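What follows is a short report on a single structure.
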Amino acid sequence: MSLSLSASAPHIPPYFLNTDHRQRCLAQLRSKHTGLEKYIYLNGLKDRDPNLFYEVLLGNMLEIIPILYTPTVGDACSNYSHIWRRPEGLYVTIENKGHINQVLRTWSSGQASRIAVVTDGSRILGLGDLGANGLPISIGKLDLYIAGAGIKPTTTVPICLDLGTNTQKFLEDPLYLGVRRKRPDAAEMDEFMEEFMEAMKDVFPQLLVQFEDFSTDNAFKYLDKFRSQYRVFNDDIQGTGSVVLSGFFNAARLASSAAGTPISEHRILFFGAGSAGIGVAKQLMSFFTLLGLSEDEAKKRIYTADSKGLITADRKGLQEHKKYFARTDYEGSTLTKLIDIIEHVKPTALLGLSTIPNAFTEDVVKLLAKTNVRPIIFPLSNPVSLCELEYSDAIRWTNGSVIFASGSPYKPVEFEGKIYEPGQGNNMYIFPGIGLGSILSKARHVTDAMVEQASISLASSLTNEEKDCDLVYPRLTRIRDISAQIALAVIRAAQKDNVDENALFQGLSDDALLEYIKAKQWQPTNTQSFPRL
Numbered sequence: 117m118s119l120s121l122s123a124s125a126p127h128i129p130p131y132f133l134n135t136d137h138r139q140r141c142l143a144q145l146r147s148k149h150t151g152l153e154k155y156i157y158l159n160g161l162k163d164r165d166p167n168l169f170y171e172v173l174l175g176n177m178l179e180i181i182p183i184l185y186t187p188t189v190g191d192a193c194s195n196y197s198h199i200w201r202r203p204e205g206l207y208v209t210i211e212n213k214g215h216i217n218q219v220l221r222t223w224s225s226g227q228a229s230r231i232a233v234v235t236d237g238s239r240i241l242g243l244g245d246l247g248a249n250g251l252p253i254s255i256g257k258l259d260l261y262i263a264g265a266g267i268k269p270t271t272t273v274p275i276c277l278d279l280g281t282n283t284q285k286f287l288e289d290p291l292y293l294g295v296r297r298k299r300p301d302a303a304e305m306d307e308f309m310e311e312f313m314e315a316m317k318d319v320f321p322q323l324l325v326q327f328e329d330f331s332t333d334n335a336f337k338y339l340d341k342f343r344s345q346y347r348v349f350n351d352d353i354q355g356t357g358s359v360v361l362s363g364f365f366n367a368a369r370l371a372s373s374a375a376g377t378p379i380s381e382h383r384i385l386f387f388g389a390g391s392a393g394i395g396v397a398k399q400l401m402s403f404f405t406l407l408g409l410s411e412d413e414a415k416k417r418i419y420t421a422d423s424k425g426l427i428t429a430d431r432k433g434l435q436e437h438k439k440y441f442a443r444t445d446y447e448g449s450t451l452t453k454l455i456d457i458i459e460h461v462k463p464t465a466l467l468g469l470s471t472i473p474n475a476f477t478e479d480v481v482k483l484l485a486k487t488n489v490r491p492i493i494f495p496l497s498n499p500v501s502l503c504e505l506e507y508s509d510a511i512r513w514t515n516g517s518v519i520f521a522s523g524s525p526y527k528p529v530e531f532e533g534k535i536y537e538p539g540q541g542n543n544m545y546i547f548p549g550i551g552l553g554s555i556l557s558k559a560r561h562v563t564d565a566m567v568e569q570a571s572i573s574l575a576s577s578l579t580n581e582e583k584d585c586d587l588v589y590p591r592l593t594r595i596r597d598i599s600a601q602i603a604l605a606v607i608r609a610a611q612k613d614n615v616d617e618n619a620l621f622q623g624l625s626d627d628a629l630l631e632y633i634k635a636k637q638w639q640p641t642n643t644q645s646f647p648r649l
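Counting from 117, one number per residue, gives the positions in the sequence shown under the working numbering.
Okay, structure coming up:
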């Protein structure tokens with residue numbers, strides 16, 4: 117029997133309820149020709165009907181996540197001043213210095229807020245200083261918290277710290293939405309950040325703060341400065357490191373099994389030594405220390421290189437964050453070419469966080485394949501346009517032997533009659549679970565052990581079918597269950613470190629706690645309703 121709307125709703129088509137409006141929205145989305153057009157459409161859908169937006173997102177994550185986040189969010193940020201439609205997040209500007217507390221109090225959810233993603237727009241993905249245009253990175257990240265972990269949308273706070281920009285084209289753009297000034301010096305910014313974090317704790321006392329896409333030096337500085345004072349973590353440093361560590365656990369097992377060598381004998385070369393590169397390298401120390409190696413022994417198995425070549429301790433003007441892994445055991449002439457560095461290091465794994473597209477050339481990849489039965493290659497730079505290696509090239513140049521994971525999504529590749537499925541070292545595997553576990557445990561701080569246990573939990577989440585396919589990451593369609601398992605591991609680590617403040621969880625078994633976590637995951641109402649007018 118058909119359902120017809122009564123005369124009380126004449127503005128709605130009479131047989132609207134006989135149709136699936138979610139499918140209509142998907143058809144409209146798919147009619148758009150570019151990623152940016154699709155982003156704008158989804159942005160409008162979220163404004164008109166948030167519940168419907170999240171229903172469509174949760175039902176079609178593999179299709180929609182690359183639009184809301186990498187790679188399309190890069191285009192959205194680059195063009196944000198020109199595609200802006202409506203207020204979406206909270207801007208705190210350098211001009212608010214002295215009364216940041218009052219600005220934060222304008223956010224409607226107030227003390228009910230549980231998580232904020234905060235960027236200053238200074239290093240958005242691999243696109244550089246985008247200033248006030250960086251807000252979509254915070255919005256997109258929070259949509260992934262909602263989709264991936266079930267964080268309630270009304271408890272999220274997207275924030276852009278508008279401190280100016282050093283990108284001249286934005287300062288000269290008449291439509292630029294941000295403060296028209298150069299970025300502050302270190303002293304002025306430090307004062308701003310101290311006031312901002314103190315105000316955040318005062319206005320949002322139960323809030324978890326995630327720093328996102330700060331410049332390399334500031335990313336390390338403010339994580340180190342605030343992590344023991346506030347409930348804060350940096351996804352570029354800790355989240356990226358954790359997700360790569362997880363994938364590397366599984367990749368190393370596959371490679372060592374194929375070569376018949378001990379898993380502790382891997383040598384890792386990082387190409388790219390910014391905040392993400394060094395952050396990942398530090399996290400991968402855990403791979404070796406968990407196998408029983410000392411910190412010094414673990415550090416010797418990790419090599420770092422940047423645009424100037426192999427990083428050695430005797431390099432003049434070496435940045436502070438690069439010193440930890442700088443080699444002290446190399447005395448030859450400076451190695452500037454990647455292929456020469458590989459000849460010297462003989463790595464079993466090459467990880468790229470350089471944002472230099474196609475940096476892993478055919479010669480480089482073939483050399484790795486020559487010296488390793490199954491070379492591990494993780495080109496992790498985002499977006500796809502900045503990735504160090506295309507998946508199809510990696511398969512062809514290694515005759516299918518490569519163990520591959522990238523930062524952005526690639527489609528499966530057919531080679532010599534076999535289908536190869538790429539891994540994606542997507543931070544979305546990790547940060548939603550870290551966030552959910554930190555919020556539910558009411559952790560005072562996000563400790564190294566919480567991040568490490570998140571990684572171990574992800575590594576152990578592969579199904580037998582995924583293992584049979586030689587995958588290093590689980591399929592993203594299971595993200596809600598994966599995030600719940602990670603949240604459980606994070607809560608237990610918080611308890612062990614004595615930073616949790618939720619006494620309710622202390623006496624619960626793992627099964628009972630996991631059931632509680634899943635019950636707390638927000639779901640959109642699964643009912644057909646009138647579209648919002």
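All C-beta atoms, glycine included, are put in the ideal place defined by N, C-alpha and C. Source: prediction; values computed, not measured.
Query, Result
"Length of the line joining the Cα atoms of Glu304 and Arg140", "50 Å"
"Length of the line joining the Cα atoms of Ser497 and Ser524", "8 Å"
"Contact under 8 Å by Cβ, Val208 with Phe349", "no"
"Whole-angstrom distance between Leu323 and Thr272, CA atom to CA atom", "9 Å"
"For Leu629, the nearest candidate out of Gln639, Gln601, Asp613 and Trp200 (CA to CA)", "Gln601"
"Val489 in three-state terms, based on DSSP", "coil"
"Cys141 - partner residues in DSSP beta bridges", "Answer by DSSP bridge pairing: none, since Cys141 is not bridged."
"Exposure of Thr593, with buried meaning 16 or more beta-carbon neighbours within 10 Å", "exposed"
"C-beta neighbour in chain B for Leu174, strict 8 Å", "The structure shown contains no chain B, having only a single protein chain."
"Beta-carbon proximity check, Asp236 vs Leu279, cutoff 8 Å", "yes"
"For Cys503, the three-state DSSP class (helix, strand or coil)", "coil"
"Segments of 4+ residues assigned as alpha helix (DSSP H) that fall wholly inside the stretch 175-235", "177-184, 188-194, 196-199 and 216-220"
"contact_flag[the stretch 140-155, the stretch 175-186] where n(CB pairs < 8 Å) is 3 or more", "yes"
"For Thr188 and Leu649, the rounded distance between their alpha carbons", "Here the model assigns Leu649 a pLDDT of 46, short of 50, so the residue's position is not dependable and the matter cannot be decided."
"Inter-residue CB distance, Ile519 and Val588 (contact presumed, cutoff 8 Å)", "7 Å"
"Proximity of Gln326 and Phe547 at Cβ, strictly below 8 Å", "yes"
"C-alpha distance - Ser234 paired with Arg221, whole-angstrom precision", "Checking the displayed sequence, the identity of residue 234 turns out to be Val instead of Ser. If you take the alpha carbons of Val234 and Arg221, they lie about 16 Å apart."
"Range of the contiguous beta strand (DSSP E) that encloses Val529", "Val529 to Phe531"
"Cβ contact (3+ pairs, closer than 8 Å) linking the stretch 363-382 and the stretch 331-347", "no"
"Beta carbon of Pro538 nearer than 8 Å to that of Leu502", "no"
"Enclosing alpha helix (DSSP H) for Val359 [first to last residue]", "Thr356 to Ala375"
"Contact under 8 Å by Cβ, Ala570 with Ser358", "yes"
"Alpha carbon of Lys432 to alpha carbon of Leu454, nearest angstrom", "20 Å"
"Extent of the continuous beta strand (DSSP E) run through Gly468", "Ala465 to Gly468"
"Cβ-based burial, Thr444 [other Cβ within 10 Å; buried from 16]", "exposed"
"Identity of the residue in Leu173, Leu206 and Arg297 nearest Leu260 by Cα", "Leu173"
"Asp329 burial status per 10 Å Cβ neighbour count (16 or more: buried)", "buried"
"Continuous beta strand (DSSP E) stretch holding Ala559: start and end", "That residue, Ala559, is in no beta strand (DSSP E); it is neither H nor E in DSSP."
"Cross-strand partners of Phe349 (DSSP beta bridge)", "Gln326"
"The stretch 471-489 in contact with the stretch 436-450 per 3-pair CB rule at 8 Å", "no"
"Close beta carbons around Asp318, own chain, < 7 Å, minus the five adjacent residues each side", "Asn217"
"With 16 other Cβ atoms within 10 Å as the buried cut-off, status of Pro129", "exposed"
"Assumed close pair Val489, Ser517 - CB separation to whole angstroms, cut-off 8 Å", "7 Å"
"Contacting residues, own chain, Cβ-Cβ under 6 Å from Ile394 (five flanking each side not counted)", "His437"
"Three or more C-beta pairs below 8 Å linking the stretch 223-234 and the stretch 184-204", "no"
"3 or more residues per run - each beta strand (DSSP E) lying fully within the stretch 542-597", "none"
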